[in-house]
């Protein structure tokens, strides 16, 4: 079971957090950017090479204390083909360093097309007699708006290849309630989605009691998280919204179960851009990221008591 | 206004249809595949090169009779970096041939990340002093589950760059009702989404009375389409589900307004795989596709009366 692999990383490092790798080029220290532009010009390739170096140094700096990374696909796609090459290399590098990799791509489509996405991000692509990995990572985020038949290929791929998905349930953004909080017979939509997520996961409960169909539940909505935690006891939560988006360590506590498992909390800008605060020299960006990651770990541990 | 551009293509060709380019490698004639494998092996690159040739010949065969193509991103992503290069080249080639290109990627995320997707698929990516196109096409499909703040960057990019989006409202798949049909105070969720889509588009109504925030409305649900057509008079519909998914020409009629505009109907497998039926030799795949595209055009025209 893939969620077992994540849980073992969390236990080993005593740290239920994941570092988001959302590398807008503006986040990369100027010296790294300039060196890359000198070689490749102010091009997509120039940006992408700088991002790859930034990512690798960040991964090196945190891989012994953090169990997982979450590259956000949008920030690679925006740099075109060179950007997507860097997404691929980042996934590979993080896997080599023993990290659990969650590709944050929020993919979704009708069944036949969802199967193509599942092959791309979780399994293998079949080319005649060959089975080849495209962007295979440990987990991918998915959007549930199309219902069960759009999810089934992802779920099957998870079960077959020991991978996981995290399904959007209650997202961290300010407008998340616009659709997600609408009431159906007194029950919010996100709760209806949670029921589906719970059902989709029941066929894959692993040795720690969690299944491989996770849920995205924003740190910015702790009351809803508490309700969802009870509703989906076997579901692992991926919790965005900590740090830069306003969620605190106390806010994420309701996402955890009594076993101190059940949630992995993401911080992206708070770690990647830590060097921009507190008077760091930009060459110390990786040191600053490591320090911020340790602080985050400690804050969550303290809040969990 | 970008939707004006689509409408002008539809008027010029007298054809409200779009050809979906969803090229699973199994759809590509064997002779093209084998030639590519001979050069590149049974690899992602081998598959991707075969797909590119297939796409180009399909585009050549239909570009004078069809106004638009819709590459489905999943079927390129599954072939890794070589696949995504082919997506890029397919978008470029279709644009050169005067086609309106809708990238079917169903992207969605929180605002800051949605801005990265919007840059990738509709606008430019900023690298220092340069503004560079990544995968820029005329339109992209988006998923509304995160609400307005996840949509706003797409809408702004559309308004700024004369591009369009098509937002999932009522999808064509069998499970679409699982969430989309749930009733909120007697009104289905898809209708709530439709209200938002209508509102998001009001700032961009073009000369034909349509705005640049379109809607995805499945051909497989004609009754709901009729309701949505009245509810969103200024919204262009992208209509999947025709042909292989079961939707007929009569089923798509409710998606049109009295001006015979307001909808563009997609067929993917029905065109790409036309050669597999009716005893065609596989070398005539492009001819078969053209014939199927003409039949589709005629069937829709007949149904519209």
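Chains as they are written, first to last, in our numbering: chain A, 9 to 313; chain B, 9 to 313. Even for Gly, the Cβ is constructed at its ideal location relative to N, Cα and C.
Alpha carbon to alpha carbon, how far is residue j from residue i? Give it in angstroms, no decimals.
i                     : j                     : result
residue 24 (chain A)  : residue 183 (chain A) : 27 Å
residue 257 (chain A) : residue 102 (chain A) : 25 Å
residue 48 (chain B)  : residue 11 (chain A)  : 37 Å
residue 131 (chain B) : residue 228 (chain B) : 32 Å
residue 37 (chain A)  : residue 293 (chain A) : 8 Å
residue 310 (chain A) : residue 272 (chain A) : 15 Å
residue 236 (chain A) : residue 200 (chain A) : 10 Å
residue 280 (chain B) : residue 99 (chain B)  : 17 Å
residue 284 (chain A) : residue 126 (chain B) : 26 Å
residue 307 (chain B) : residue 207 (chain B) : 33 Å
residue 269 (chain B) : residue 262 (chain B) : 11 Å
residue 14 (chain B)  : residue 230 (chain B) : 23 Å
residue 16 (chain B)  : residue 22 (chain B)  : 9 Å
residue 35 (chain B)  : residue 173 (chain A) : 28 Å
residue 239 (chain B) : residue 264 (chain B) : 12 Å
residue 260 (chain B) : residue 63 (chain B)  : 26 Å
residue 164 (chain B) : residue 223 (chain B) : 17 Å
residue 169 (chain A) : residue 128 (chain A) : 12 Å
residue 313 (chain A) : residue 216 (chain A) : 21 Å
residue 7 (chain B)   : residue 166 (chain A) : No statement about residue 7 (chain B) is possible, as the shown extent of chain B runs from 9 to 313 and does not include it.
residue 234 (chain B) : residue 190 (chain B) : 18 Å
residue 20 (chain B)  : residue 45 (chain B)  : 40 Å
residue 104 (chain B) : residue 43 (chain B)  : 26 Å
Going by beta-carbon coordinates alone, are residue i and residue j separated by less than 8 Å?
i                     : j                     : result
residue 27 (chain B)  : residue 77 (chain B)  : yes
residue 109 (chain A) : residue 177 (chain A) : no
residue 75 (chain B)  : residue 18 (chain B)  : yes
residue 221 (chain B) : residue 205 (chain B) : yes
residue 255 (chain B) : residue 180 (chain B) : yes
residue 171 (chain B) : residue 142 (chain B) : no
residue 122 (chain A) : residue 297 (chain A) : no
residue 145 (chain A) : residue 175 (chain A) : no
residue 275 (chain B) : residue 30 (chain B)  : no
residue 89 (chain B)  : residue 135 (chain A) : no
residue 97 (chain A)  : residue 66 (chain A)  : no
residue 288 (chain B) : residue 232 (chain B) : no
residue 124 (chain B) : residue 252 (chain A) : no
residue 87 (chain A)  : residue 133 (chain B) : yes
Go ahead and label residue i buried or exposed: buried means 16 or more other beta carbons lie within 10 angstroms of its beta carbon, across all protein chains shown.
i                     : result
residue 243 (chain A) : buried
residue 186 (chain A) : buried
residue 211 (chain A) : exposed
residue 39 (chain A)  : exposed
residue 291 (chain B) : exposed
residue 58 (chain A)  : buried
residue 194 (chain B) : exposed
residue 203 (chain B) : exposed
residue 209 (chain B) : buried
residue 137 (chain B) : exposed
residue 85 (chain A)  : buried
residue 72 (chain A)  : exposed
residue 241 (chain A) : exposed
residue 266 (chain A) : exposed
residue 214 (chain B) : buried
residue 278 (chain B) : buried
residue 286 (chain A) : exposed
residue 188 (chain A) : buried
Would residue i count as contacting chain C if we go by Cβ distances under 8 Å?
i                     : result
residue 292 (chain B) : Chain labels in this structure do not include chain C; the protein chains are A and B.
Do the segment 87 to 101 of chain A and the segment 52 to 65 of chain A make contact, defined as three or more Cβ pairs closer than 8 Å? Yes: at least three Cβ pairs fall under 8 Å.
I want to know whether the segment 152 to 166 of chain B touches the segment 114 to 122 of chain B - three or more CB-CB distances under 8 Å. Yes: at least three Cβ pairs fall under 8 Å.
Where in the segment 96 to 140 of chain B do unbroken runs of the beta strand (DSSP E), each at least 3 residues long, occur, reported from the N-terminal end onward? Listed in chain order, they are 108 to 115, 133 to 135 and 138 to 140.
With contact counted as at least three CB pairs below 8 Å, one residue from each stretch, are the segment 155 to 166 of chain A and the segment 116 to 136 of chain B in contact? Taking a cut-off of 8 Å for Cβ pairs, the segment 155 to 166 of chain A and the segment 116 to 136 of chain B do not touch, as fewer than three such pairs fall below it.
Which complete beta strand (DSSP E) runs does the segment 156 to 236 of chain A hold, if anything under 3 residues is left out? Complete beta strand (DSSP E) runs here, min 3: 172 to 178 and 221 to 225.
Contact between the segment 245 to 263 of chain B and the segment 295 to 302 of chain A is defined here as three or more beta-carbon pairs at a separation below 8 Å; is this criterion met? As far as the Cβ criterion goes, the segment 245 to 263 of chain B does not touch the segment 295 to 302 of chain A, which means the pair count is below three.
Extract the residue ranges of the alpha helix (DSSP H) inside the segment 12 to 100 of chain A, only unbroken runs of 4 or more that lie entirely within it. Fully enclosed alpha helix (DSSP H) runs of no fewer than 4 residues occupy 38 to 48, 52 to 70 and 82 to 85 of the segment 12 to 100 of chain A, in order along the chain.
In chain order, which continuous runs of the alpha helix (DSSP H) of length 4 or greater are located wholly inside the segment 231 to 299 of chain A? Along the length of the segment 231 to 299 of chain A, whole alpha helix (DSSP H) runs at least 4 residues long occupy 257 to 260 and 277 to 280, reported in chain order.
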